[in-house]
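Engineer: Each residue of the sequence shown is one higher than the one before, counting from 1440 in the working numbering. Ideal placement from N, C-alpha and C gives every residue a C-beta, glycine not left out. Treat the numbers as computed from the prediction; the structure is a model and nothing was measured.
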Amino acid sequence: MLGPIPIRAYALCIIAGIIVAVLWGERRFVARGGQQGTVTDIAVFAVPFGLVGGRLYHVLTDWQTYFGPGGDPLGALRIWEGGLGIWGAVALGGVGAWIGCRRHGVPLGFFADAVAPGIVVAQAIGRLGNWFNQELYGAPTTLPWGLEIYDRVDPATGFPDALGGVALDHTPVQVVHPTFLYELLWNVLVAVLVVWADRRFRLGHGRAFAVYVAGYTAGRFWIEQMRTDHATRVFGDIRINVVVSVVVFTAAVLYIALVRKPREVLEGPAAAVEPAPVGSAEESEPPAEEGVAKAPEKDAEMDAEKDTEKDTAQEKDPAEAGDRTS
């Protein structure tokens, strides 16, 4: 607790992930020719949009909980109780990034390629919050890395409280697959893949971001089917996130295959200002102050030359005059 405000471990994980994504994205952006600080400026737009988008996706895909029979409509606003969808976060966060890129003169694809591995690592860090919340796990297992689930209650009332309660009985009620851990490890591998592919093929125009999207959705497809938490189901009995994973994966692969443009060269105010190379014409020219200081010296030399020419002309005049009068 911070005074009357409860501090959630899940929120701290999300904040840590955002910081990592911005710092790593900044380094990659500068290495690709961008100006320091631009990613942070664009993140001011992208992060709030992403949080709103993540919440909207969660509410829309689980609308029965909030607007169905016996639902709690005001619960849709209580984001601190959990519920963010990565698809909405990336989609609406992309809108915020586009606005920031427009304001700073940066192509959206250039920005997306720079921040792609940082975003998927941020997702991995965010998955640690699921461990604290004992959520998004799979079926029971006997594997040694299984997650122990405990009944949590509010010590003051004795009522069940899975989010803010504590485990009074330390006997686990079940041991389950930690699917959030599987996704965390998968996301780290995807980040490695994006960095390798970007260096190997010099990806540009959003193709590195597409590699991240394809890699993440491929993992989410099989991990999602291991989860046992409540989810909206479509086409009979298929979890909606499985369907979304297939659609988004297909779109990302098509984009990678069809877009063949070379990596962009950033120009304009967002481009890094490089110092002039040694021996260049810019470096050999004297500064403006030196040029101003030397101007009077040049004027004096010109005046001296004019005086010499006048003296010479005066010496020649008598002779020339005699020639004319003789």
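Based on Cα-Cα distance, which residue from PRO1599, ALA1601 and TRP1570 lies nearest to TYR1621?
Structural biologist: Selected option, being the one with the closest Cα: TRP1570.
Engineer: What do you get for ASP1552, buried or exposed, if any count of 16 or more other CB atoms within 10 angstroms of its CB means buried?
Structural biologist: With 16 or more other Cβ atoms within 10 Å, it is buried.
Engineer: To the nearest angstrom, how far is it from the Cα of PHE1468 to the Cα of PHE1550?
Structural biologist: Rounded to whole angstroms, PHE1468 to PHE1550 spans 7 angstroms at the Cα level.
Engineer: Answer with yes or no whether the minimum CB distance from ILE1444 to chain C is below 7 angstroms.
Structural biologist: Judged by its chain identifiers, the structure shown contains no chain C, having just a single protein chain.
Engineer: Please go through the same chain and pick out, in chain order, the residues whose beta-carbon is closer than 7 angstroms to the beta-carbon of GLY1492, but skip the five residues on each side of it.
Structural biologist: Result list for GLY1492: GLY1527, ALA1528, ALA1530, LEU1531 and GLY1532, in chain order.
Engineer: Hey, out of PRO1556, VAL1615, GLY1654 and ILE1457, whose CA is closest to SER1684's CA?
Structural biologist: When only C-alpha atoms are compared, the closest one is GLY1654.
Engineer: Kindly list the residues whose CB is nearer than 7 angstroms to the CB of THR1618, restricted to its own chain and excluding five residues on each side of it in sequence; keep chain order.
Structural biologist: Same-chain partners within the cutoff: LEU1575, TYR1576, GLY1577, ILE1662, MET1665 and ARG1666.
Engineer: Taking DSSP as the reference, what is the three-state secondary structure of ARG1471?
Structural biologist: Three-state result, ARG1471: coil.
Engineer: Does the separation of the CB atoms of THR1790 and HIS1543 fall below 7 angstroms?
Structural biologist: As shown, the chain starts at 1440 and ends at 1765. That puts residue 1790 outside it, with no answer to give.
Engineer: Mind checking who GLU1465 pairs with in its DSSP beta bridge?
Structural biologist: Answer is none; GLU1465 lacks a bridge partner.
Engineer: With a Cβ-Cβ cutoff of 7 angstroms, do VAL1459 and VAL1560 count as a contact?
Structural biologist: Yes, these two residues count as a Cβ contact at 7 angstroms.
Engineer: Could you pull out every residue in the same chain whose Cβ sits closer than 8 angstroms to the Cβ of GLY1514, ignoring the five residues on either side in sequence?
Structural biologist: THR1504, TYR1505 and GLU1520.
Engineer: If you reduce the DSSP assignment to three classes, tell me which class GLN1573 lands in.
Structural biologist: The answer is coil: DSSP assigns GLN1573 none of H, G, I, E or B.
Engineer: Are ARG1702 and ARG1659 touching if we call contact CB-CB under 7 angstroms?
Structural biologist: Not closer than 7 angstroms, so no.
Engineer: Based on DSSP bridge pairs, tell me the residues matched to ARG1672.
Structural biologist: ARG1678, per the DSSP bridge assignment.
Engineer: Less than 7 angstroms between the C-beta atoms of VAL1650 and ALA1636, yes or no?
Structural biologist: Yes.
Engineer: When the Cα atoms are used, what is the spatial distance from ILE1453 to ALA1485?
Structural biologist: ILE1453 and ALA1485: Cα-Cα distance of roughly 14 angstroms.
Engineer: By how many angstroms is the C-alpha of ILE1538 removed from the C-alpha of ALA1450?
Structural biologist: Going from the Cα of ALA1450 to the Cα of ILE1538 covers about 25 angstroms.
Engineer: Taking only three categories from DSSP, how would you classify VAL1429?
Structural biologist: Not covered by the structure: residue 1429. The range shown for the chain is 1440 to 1765.
Engineer: The alpha helix (DSSP H) with LEU1490 in it runs from where to where?
Structural biologist: 1477-1500 is the span of the alpha helix (DSSP H), which, as asked, contains LEU1490.
Engineer: Quick test of your reading: GLY1535 and GLY1645, contact by CB under 8 angstroms. State the CB separation rounded to the nearest angstrom.
Structural biologist: That belief does not hold up - the Cβ atoms of GLY1535 and GLY1645 are roughly 16 angstroms apart, past 8 angstroms.
Engineer: Going by DSSP, what residues sit across from LEU1586 in a beta bridge?
Structural biologist: Note: LEU1586 sits in a beta bridge opposite VAL1615.
Engineer: For TRP1584, does the count of other Cβ atoms within 10 angstroms reach 16, so buried, or fall short, so exposed?
Structural biologist: The residue is exposed, with fewer than 16 neighbouring Cβ atoms inside 10 Å.
Engineer: Using a Cβ-Cβ cut-off of 8 angstroms (strictly less than) and excluding sequence neighbours within five positions of ILE1457, which residues of its own chain qualify?
Structural biologist: So the list reads ALA1482, VAL1486 and ALA1561, once near-sequence residues are dropped.
Engineer: How about GLY1473 and LEU1705: do their beta carbons lie closer than 7 angstroms?
Structural biologist: Yes, they are a contact pair.
Engineer: Using the C-alpha atoms, what's the distance from PRO1594 back to ASP1608?
Structural biologist: C-alpha separation (whole angstroms): 12 angstroms.
Engineer: When DSSP labels each residue in this structure, what does ALA1653 get in the three-state scheme?
Structural biologist: DSSP places ALA1653 in helix when its eight states are reduced to three.
Engineer: Could you work out which residue in GLY1464, THR1581, GLN1573 and ASN1626 is closest to ALA1606 when comparing CA atoms only?
Structural biologist: Per the Cα distances, GLN1573.
Engineer: Mind checking which residues open and close the alpha helix (DSSP H) that includes TRP1526?
Structural biologist: Residues 1525-1543.
Engineer: Could you compute how far the alpha carbon of ARG1447 sits from the alpha carbon of TRP1625?
Structural biologist: Rounded to whole angstroms, ARG1447 to TRP1625 spans 25 angstroms at the Cα level.
Engineer: Are VAL1615 and PRO1556 close, meaning C-beta to C-beta below 7 angstroms?
Structural biologist: Contact flag unset, no.
Engineer: For VAL1633, count the other beta carbons within 10 Å of its own beta carbon; 16 or more makes it buried, fewer makes it exposed. Which is it?
Structural biologist: Per the 10 Å Cβ criterion, buried.
Engineer: Which value, in whole angstroms, describes the spacing of the CA atoms of PRO1611 and LEU1586?
Structural biologist: Each residue's Cα considered, the two are about 9 angstroms apart.
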